[in-house]
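Number of protein chains: 2
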Amino acid sequence: MKLYDGGRAPNPRRVRIFLAEKGIEVPLVPVDMATMGHKSEEVTARNPLQRLPVLELDDGTIISESVAICRYFEELHPEPLLFGTGAVGKALVEMWQRRMELHFLSTVAQSFRHIHPAMKEWEVPQIAEWGEANKPKAIQFLRFLDGHLAGSRFVAGDAYSIADITGLVGVEFMKPARLAVPDELENVKRWFAEISARPSATA
Amino acid sequence: MKLYDGGRAPNPRRVRIFLAEKGIEVPLVPVDMATMGHKSEEVTARNPLQRLPVLELDDGTIISESVAICRYFEELHPEPLLFGTGAVGKALVEMWQRRMELHFLSTVAQSFRHIHPAMKEWEVPQIAEWGEANKPKAIQFLRFLDGHLAGSRFVAGDAYSIADITGLVGVEFMKPARLAVPDELENVKRWFAEISARPSATA
Numbered sequence: 001m002k003l004y005d006g007g008r009a010p011n012p013r014r015v016r017i018f019l020a021e022k023g024i025e026v027p028l029v030p031v032d033m034a035t036m037g038h039k040s041e042e043v044t045a046r047n048p049l050q051r052l053p054v055l056e057l058d059d060g061t062i063i064s065e066s067v068a069i070c071r072y073f074e075e076l077h078p079e080p081l082l083f084g085t086g087a088v089g090k091a092l093v094e095m096w097q098r099r100m101e102l103h104f105l106s107t108v109a110q111s112f113r114h115i116h117p118a119m120k121e122w123e124v125p126q127i128a129e130w131g132e133a134n135k136p137k138a139i140q141f142l143r144f145l146d147g148h149l150a151g152s153r154f155v156a157g158d159a160y161s162i163a164d165i166t167g168l169v170g171v172e173f174m175k176p177a178r179l180a181v182p183d184e185l186e187n188v189k190r191w192f193a194e195i196s197a198r199p200s201a202t203a
Numbered sequence: 204m205k206l207y208d209g210g211r212a213p214n215p216r217r218v219r220i221f222l223a224e225k226g227i228e229v230p231l232v233p234v235d236m237a238t239m240g241h242k243s244e245e246v247t248a249r250n251p252l253q254r255l256p257v258l259e260l261d262d263g264t265i266i267s268e269s270v271a272i273c274r275y276f277e278e279l280h281p282e283p284l285l286f287g288t289g290a291v292g293k294a295l296v297e298m299w300q301r302r303m304e305l306h307f308l309s310t311v312a313q314s315f316r317h318i319h320p321a322m323k324e325w326e327v328p329q330i331a332e333w334g335e336a337n338k339p340k341a342i343q344f345l346r347f348l349d350g351h352l353a354g355s356r357f358v359a360g361d362a363y364s365i366a367d368i369t370g371l372v373g374v375e376f377m378k379p380a381r382l383a384v385p386d387e388l389e390n391v392k393r394w395f396a397e398i399s400a401r402p403s404a405t406a
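Chains as they are written, first to last, in the numbering used here: chain A, 1 to 203; chain B, 204 to 406.
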């Protein structure tokens, strides 16, 4: 098995943090996204959508999409459970993972991709107005999250989960998107400090 | 248990089709999204993000996000499995469900929400250029899907799955978004004809 990795980009990082939490080591194939390595023949042959990371199993099976790769390892190595436990627990982790991704990480990513000059070749057409429209959406979601975290240690409850991982890379991605967590969101700051101090956060 | 439903919108429909495939009946609370019922006090108290559908369990637990609601029922009523089976099978369904959602249903939805005059109050600001930019993305994905479906009966292989449900509502949503499946995509048309003929498609 090998994992076509994409360095510091949010999605490759999500999978590496997930693997670190599980204590799983997978051989990485580094791909330099700065030089468009994700559009190379090698990657395109494995994932025609030209997104990273991509997991290739020994029999040649290809699994793309970060959350799908994580799901594969959750099934193979359940402990520690990062997708929740029981019908309600699994549903709540999925709900929060999706909220963190669709309302937060994605909005931060849109802000970055549609505004940052370095993304001109990546996002065609780059639409600054759309990038700007996403900034308040990201902050509005963080305000909602702050209220939720007032009564919850982690995003999906008492246990660390994949929803925290998506949140971690989302908050980190705010910097290149020129966004900042508002000072008054004490619960978001407390939560982010805790999850970014875990050993997995260096992955 | 009760399901706050949102009528003909894609996400409420995804959950109803899923339940129909499982043969599960859940009491529905109809919410009229045309009159902004999803922003009512009743819905907002349950899902501050004001999105439908929302599942409320008898103990008051709230599960929002269509795919999370589906996951809950998959755990309670596994047969027929709609999220795949085994580590690889589950990962491949998740991969395809995400591809169908992020590269197809979402791009169709963005085209609709940012261009259709009826969406002016829903999508603020409405950015026509962004709506237009999504149209070729939706079609480009369908071309990729057509190649895949040349060798696959359903989206994620031999078995019908939640990835097909996301695809079904995505193709249906093309009409209000003023998009059409290109004539030459025979495999997409064959697949869509098959899944839209299933009894669940009327849900």
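Glycine included, every Cβ here is placed at the ideal spot set by N, Cα and C.
Beta-carbon proximity list for Ile63 (chain A), same chain, < 6 Å, skipping 5 on both sides: Leu55, Ile69 and Tyr72
Beta-carbon separation (whole angstroms), Ile398 (chain B) vs Ala404 (chain B), contact threshold 8 Å: 7 Å
Straight-line gap, Phe376 (chain B) to Trp191 (chain A) (C-alpha atoms, nearest Å): 38 Å
Boundaries of the beta strand (DSSP E) in which Val311 (chain B) is found, first to last residue: Segment Ser309 to Ile318 is the alpha helix (DSSP H) holding Val311 (chain B); no beta strand (DSSP E) there.
Chain A contacts made by the stretch 326-349 of chain B, where a contact means CB separation under 7 Å: Pro328, Ile330, Glu332, Trp333, Ala336 and Phe347
Chain B contacts from the stretch 26-52 of chain A (Cβ-Cβ distance under 7 Å): Pro48 and Leu49
7 Å CB neighbourhood of Asp349 (chain B) in its chain, flanking five on each side removed: Leu388, Asn390 and Val391
Buried or exposed (CB count within 10 angstroms, at least 16 for buried), Gly151 (chain A): exposed
Exposure of Asp367 (chain B), with buried meaning 16 or more beta-carbon neighbours within 10 Å: buried
Leu49 (chain A) - DSSP class collapsed to helix/strand/coil: coil
Residue span of the alpha helix (DSSP H) that contains Glu21 (chain A), given as start and end: Pro10 to Lys22
For Gly153 (chain B): DSSP bridge partner residues: Because chain B here runs from 204 to 406, residue 153 (chain B) falls outside it and cannot be looked at.
First and last residue of the uninterrupted beta strand (DSSP E) at Leu28 (chain A): Leu28 to Pro30
C-beta contact flag for Leu52 (chain A) and Pro12 (chain A) at 7 Å: yes
Simplified DSSP state of Asp262 (chain B), which is helix, strand or coil: coil
Beta-carbon separation (whole angstroms), Ile342 (chain B) vs Pro402 (chain B), contact threshold 8 Å: Not really, about 30 Å apart at Cβ, beyond 8 Å.
One or two residues paired with Arg207 (chain B) in a DSSP bridge: The amino acid occupying residue 207 (chain B) in the given sequence is Tyr; Arg does not appear at that position. Its beta-bridge partners are B:Val232 and B:Val257.
Among A:Ile17, A:Gly7, A:Pro10 and A:Gly6, the one whose alpha carbon lies nearest that of Tyr160 (chain A): A:Ile17
Residue interval of the alpha helix (DSSP H) (run including Pro136 (chain A)): Ala128 to Leu149
Beta-carbon contacts of Gly287 (chain B) that lie in its chain and below 7 Å, excluding the five residues immediately before and after: Lys293, Leu295, Val296, Ala359 and Ser364
Contact set for Arg249 (chain B): own chain, Cβ-Cβ below 8 Å, skip 5 residues either direction: Tyr207, Val257, Glu259, Ile265 and Ser267
Nearest-angstrom Cα separation, counted from His38 (chain A) out to Gln110 (chain A): 19 Å
Secondary structure of Ser269 (chain B), DSSP reduced to three states: helix
Nearest neighbour of Leu371 (chain B), chosen from B:Val311, B:Pro230, B:Ser243 and B:Arg316 [CA to CA]: B:Val311
For Met95 (chain A), the first and last residue of its enclosing alpha helix (DSSP H): Gly86 to Arg99
From A:Ser66, A:Gly86, A:Glu79 and A:Pro10, residue whose alpha carbon lies closest to that of Glu277 (chain B): A:Gly86
Pair within 7 Å by beta-carbon distance, Phe307 (chain B) and Gly373 (chain B): yes
Under 7 Å from the C-beta of Thr61 (chain A): neighbouring residues of chain B: Val291
Arg301 (chain B) burial status per 10 Å Cβ neighbour count (16 or more: buried): buried
Amino acids of chain B, ordered along the chain, whose beta-carbon sits closer than 7 Å to that of Arg71 (chain A): Lys293, Ala294 and Glu297
DSSP three-state assignment for Pro199 (chain A), whether helix, strand or coil: helix
Collapsed DSSP secondary structure at Asp386 (chain B) in the structure displayed: coil
Own chain partners of Gln126 (chain A) with C-beta closer than 8 Å, once the 5 adjacent residues on each side are dropped: Arg113, His114, Ile115, Met119 and Lys120
Beta-carbon gap between Met33 (chain A) and Ala9 (chain A) smaller than 7 Å: yes
For Phe173 (chain A), the first and last residue of its enclosing alpha helix (DSSP H): Ile162 to Phe173
Inter-residue spacing [alpha-carbon to alpha-carbon] between Asp58 (chain A) and Lys22 (chain A): 21 Å
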